[in-house]
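Colleague:
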Ligand SMILES: [Zn+2]
Ligand SMILES: [Zn+2]
């Protein structure tokens, strides 16, 4: 049994590594190509930042630019290779217990219009992520991992994917549950939703003064998310505010929205951020030791 599981882990990791390679050498089409999709979205948002900067004094290669650029590819590809084998084991255990995608689904979308399927999947997923994000701020043990993302001192698009690898571990099962609850979902929908969330996430962290006018009550935006990273928290939001990922509506509905002004001049970080390691290697183990 153990040998079988170890085989499963190594085969899945190899399979994921091959998938990453097929992305890089463009054997995967644009519509599903995370590597080049992520790279293209990054270049577009970066160019927009350089042409229309919100904080004009911010350099093109801002503080920690390269660290964040590395995080982008690490979290998306390198870490997925490492973790994929363990997820394969989990899935096998689930199947062993008689739990399948079909047995868990509470709504069956297969008869719905594709646009409606897509919308429901996106909204459910976003709400689950909003909830998880709020929990990351509330639970001290989890907050220590999330500190890596909040150690950003100057905001730019690549900051979007600076986060501790434990966040992958925490978010991924939730996403899987979301997909499982909604039966009959077409896989290509996941790509559309994921690319849309990468675009909005990049924009939210960019040096662009965008808030989409009245749409800001639905869609998260750079002005709102900058305050999520504020060093000084207002009295009424001591555990943080603006937890939205792609949608801002949850923060407005549940009274955690806070956008006092739009100058873009907000001190970023969190109390105690001087203690976080500045290198990627140091941040890998951050959160596991209580003295930090
Ligand atoms: Zn946060
Ligand atoms: Zn952020």
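Numbering (our numbering), first residue to last: 2 to 293. Note that beta-carbon positions come from the ideal geometry of N, C-alpha and C, so glycine has one too.
With 7 Å as the threshold, decide whether the Cβ of residue 261 is near any Cβ in chain D.
Modeller: Within the model displayed, chain D is absent; a lone protein chain is all it includes.
Colleague: So residue 159 and residue 225 are supposed to be a Cβ contact under 8 Å. How far apart are they, rounded?
Modeller: With 8 Å as the limit, residue 159 and residue 225 do not qualify as a contact, their Cβ atoms being about 19 Å apart.
Colleague: Beta-carbon separation of residue 171 and residue 232 under 7 Å?
Modeller: Cβ atoms of residue 171 and residue 232: not closer than 7 Å.
Colleague: DSSP state of residue 183, grouped into three classes?
Modeller: Three-state DSSP puts residue 183 in a strand.
Colleague: At the level of alpha carbons, what is the spacing between residue 166 and residue 282?
Modeller: So the alpha carbons of these two residues sit roughly 12 Å apart.
Colleague: Should residue 292 go down as buried or exposed, given a rule of 16 or more other Cβ atoms within 10 Å for buried?
Modeller: Any reading at residue 292 is ruled out, since the residue's pLDDT is 48, under 50, leaving its predicted position unreliable.
Colleague: Alpha carbon to alpha carbon, what distance is there between residue 148 and residue 13?
Modeller: The alpha-carbon atoms of residue 13 and residue 148 are separated by roughly 31 Å.
Colleague: Would you grab the beta carbon distance between residue 265 and residue 56 for me? Rounded to a whole angstrom, and I think it's under 8 Å.
Modeller: About 5 Å separates the two Cβ atoms, so the contact holds.
Colleague: Restricting to Cα atoms, I'd like to know which of 91, 81, 229 is closest to residue 151.
Modeller: Considering only alpha carbons, the answer is 229.
Colleague: Report yes if the C-beta distance between residue 63 and residue 157 is below 7 Å; otherwise report no.
Modeller: Contact flag set, yes.
Colleague: Nearest-angstrom Cα distance between residue 91 and residue 9?
Modeller: Going by the C-alpha atoms only, they are around 11 Å apart.
Colleague: I'd like to confirm the pairing. Which residues does DSSP put opposite residue 231 in its beta bridges?
Modeller: Looking at the DSSP assignment, residue 231 forms a beta bridge with 269.
Colleague: From what residue to what residue does the alpha helix (DSSP H) around residue 65 run?
Modeller: Taken as a continuous stretch (DSSP letters only), residue 65 belongs to no alpha helix (DSSP H), as it is neither H nor E.
Colleague: What do you get for residue 135, buried or exposed, if any count of 16 or more other CB atoms within 10 angstroms of its CB means buried?
Modeller: Buried, by the Cβ-count rule.
Colleague: In three-state terms, what does DSSP make of residue 292?
Modeller: With a pLDDT of only 48 at residue 292, under the threshold of 50, the placement of this residue in the model should not be trusted, and no figure is reported.
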